[in-house]
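See the structure below:
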């Protein structure tokens, strides 16, 4: 008997009817009534959501947007994420033939016209891999959409789905699986209410079902959820550096530093010098005429003197200039008479007395996001293998491109799944994707200062 696709027909706003895949579980309004008590489903069901909400607190559904906004308010955070993504990209996506590796134990970068056309037509480097790494570095979850050919023999397209616009359906009550990816820009608002017409529903790949999932797949599309299954997570991986984003945490502290410093600069009266001019300076300087001058004439002389002193003290072009004045010295009383004194004012309102060290908060942010202070110029310049030296930065880079294979495997998994699937009908796809990197060394070891990593074909052909 030919299997049928089961659809639920529901009435939506305006009396219209609309069909959905069975168990899609989406609605344009929050659920009402009492929560379920006959199963151990997550609390989200009791809180009125008909998809798995994504928030930092119960009842919230806006965590991806909150994290994005906080990162973008702190320049050093955005710069760190950007640098980490660039290092994860390295020299770009490459692939090798599986059969050659089995036969020789060596890896040589391959070039297949069919694969190259797929990568080019789908703009995998710029429209898929780089956005995937950005989402992963922001929130440790990424989503992709795959499209099959009409005969289901090949995957023809792979697209990035913006994480901020994605939500997972609630667990299936029978299988306890998460069956669908829901995609809508409205999810970014975190309001918990999205009209069904604005939601794109995609079946979510169930790796544990294997071939059964593909046989039962209705349509030619499916979604893929890439993430590290963190402890305690059911739907979305928990961001391991979430402590950065807590209220009044390091991100908030770093974001407020420019505002406080700017406010201090605008509101603080800054005095550099105090000029003491004794009255007898003028009686000595103008001994023959001072007593006969009018008040207006005396004021003019005083103003001219102050202007001359300001001219000598202000401006970078007058740095290290000297000021000479004439005064009397009474040998009897040993007092200086008519001497002008210029006293430098020590600004007691130091910014570090009011604002925590920006470098300290920046260093916490960089390290928590997975970077090293040296990579963004935070470490002091030490030189001679010290922190901040060229050697230090080189080793930080080489270490990062070595350990980020951990993340690359997660991101490249759907691409390698496509290769495995397509290889069943086209041997050109019997390949494995990887990210090629070039390690940095010193010119003592290599004239160019660059050494291909262990996956690079250039190293094996030298």
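Numbering (the UniProt record's numbering), first residue to last: 1 to 462.
Ideal Cβ positions, reconstructed from N, Cα and C, are used throughout, including at glycine.
As the structure is a prediction and not an experimental result, all values here were calculated from the model.
When you compare each of 404, 157, 343 to residue 417 by their alpha carbons, which one comes out closest?
Taking the first residue of the chain shown as 1, we reach residue 417 at position 417. Cα-wise, what sits closest to residue 417 is 157.
Check each candidate in 257, 437, 251, 293 and name the one with the smallest Cα separation from residue 70.
Counting from one through the chain shown, the residue named residue 70 turns up at place 70. Closest option to residue 70, Cα to Cα, is 251.
Since residue 147 sits in a beta bridge, which residues does DSSP pair it with?
By one-based count along the chain shown, residue 147 stands at place 147. The partner list for residue 147 (beta bridge, DSSP) reads 157, 221.
Which complete alpha helix (DSSP H) runs does the region 259-306 hold, if anything under 4 residues is left out?
Runs found: 280-285.
How big is the Cα-Cα spacing for residue 121 and residue 155?
By one-based count along the chain shown, residue 121 stands at place 121. By one-based count along the chain shown, residue 155 stands at place 155. Spanning the two alpha carbons is a distance of roughly 13 Å.
Report all residues from its chain with a CB closer than 8 Å to the CB of residue 425; omit the five preceding and five following residues, and keep chain order.
One-based indexing of the chain shown puts residue 425 at position 425. So the qualifying residues of the chain are 153, 154.
Give me the Cβ distance between residue 179 and residue 204, rounded to the nearest whole Å; I'm assuming they're in contact under 8 Å.
In the chain shown, residue 179 corresponds to position 179, counting from 1. In the chain shown, residue 204 corresponds to position 204, counting from 1. Correct: roughly 6 Å between the Cβ atoms.
Any idea what DSSP makes of residue 58, helix, strand or coil?
For the purposes of this step, residue 58 is identified with residue 58 of the chain shown, where counting begins at 1. Three-state DSSP puts residue 58 in coil, outside helix and strand.
Between the region 225-240 and the region 135-153, can you find at least three pairs of beta-carbon atoms closer than 8 Å?
As far as the Cβ criterion goes, the region 135-153 touches the region 225-240, which means the pair count is three or higher.
Is it buried or exposed for residue 202, if we count other Cβ within 10 angstroms and need 16 for buried?
To locate residue 202, count along the chain shown from 1; it is residue 202. By the neighbour-count rule (16 or more Cβ atoms within 10 Å), residue 202 is buried.
Can you round the beta-carbon distance between residue 145 and residue 159 to whole angstroms, since I take them to be within the 8 Å contact cut?
Residue 145 sits at position 145 when you count from the first residue of the chain shown. Residue 159 sits at position 159 when you count from the first residue of the chain shown. Correct: roughly 5 Å between the Cβ atoms.
Just verifying my parser: in three-state terms, what is the DSSP assignment at residue 256?
Here residue 256 corresponds to residue number 256 of the chain shown, with the count starting at 1. Three-state DSSP puts residue 256 in a helix.
The beta strand (DSSP E) that contains residue 431, what's its start and end?
In the chain shown, the residue the question calls residue 431 occupies position 431. From DSSP, the beta strand (DSSP E) with residue 431 extends over 431-435.
Distance check for residue 404 and residue 437, CA to CA, integer angstroms please.
Residue numbering aside, residue 437 sits at position 437 when the chain shown is read from its first letter. Residue numbering aside, residue 404 sits at position 404 when the chain shown is read from its first letter. Their backbone Cα atoms lie some 11 Å apart in a straight line.
Quick test of your reading: residue 88 and residue 133, contact by CB under 8 Å. State the CB separation rounded to the nearest angstrom.
Locating residue 88 in the chain shown gives position 88, where the first residue counts as 1. Locating residue 133 in the chain shown gives position 133, where the first residue counts as 1. Yes, residue 88 and residue 133 are in contact; Cβ-Cβ is about 5 Å, under 8 Å.
Any heavy atom of the ligand MN closer than 7 Å to the Cβ of residue 235?
The ligand content of the structure shown is nil, which means the ligand MN is not present either.
Considering only the alpha carbon of each residue, which of 192, 206, 147, 163 lies closest to residue 175?
For the purposes of this step, residue 175 is taken as the residue at position 175 of the chain shown. Looking at the Cα atoms, 206 is the closest of the given residues.
According to the Cβ coordinates, are residue 276 and residue 341 closer than 8 Å?
Here residue 276 is taken as the residue at index 276 of the chain shown, counted from 1. Here residue 341 is taken as the residue at index 341 of the chain shown, counted from 1. Contact: yes.
What are the boundary residues of the beta strand (DSSP E) that includes residue 358?
For the purposes of this step, residue 358 is taken as the residue at position 358 of the chain shown. Counting along the chain, residue 358 falls outside any beta strand (DSSP E), though it belongs to the alpha helix (DSSP H) covering 358-368.
Suppose the cutoff is 8 Å on Cβ atoms and the five residues either side in sequence are ignored; what does the same chain contact list for residue 163 look like?
As a working mapping, residue 163 is identified with position 163 in the chain shown. Closer than 8 Å at Cβ, skipping near neighbours: 64, 135, 138, 139, 141, 142, 143.
Indicate the three-state DSSP secondary structure (helix, strand or coil) for residue 208 in the structure shown.
As a working note, residue 208 is residue 208 in the chain shown. Helix, per DSSP.
Would you tell me roughly how many angstroms separate the C-alpha atoms of residue 229 and residue 239, rounded to the nearest one?
Walking along the chain shown from the start, residue 229 turns up at place 229. Walking along the chain shown from the start, residue 239 turns up at place 239. Cα-Cα distance, rounded: 10 Å.
Please check the pair residue 301 and residue 282, which I expect to be a contact at CB under 8 Å, by giving their CB distance rounded to whole angstroms.
Position 301 of the chain shown, counting from 1, holds the residue named residue 301. Position 282 of the chain shown, counting from 1, holds the residue named residue 282. Confirmed, about 7 Å.
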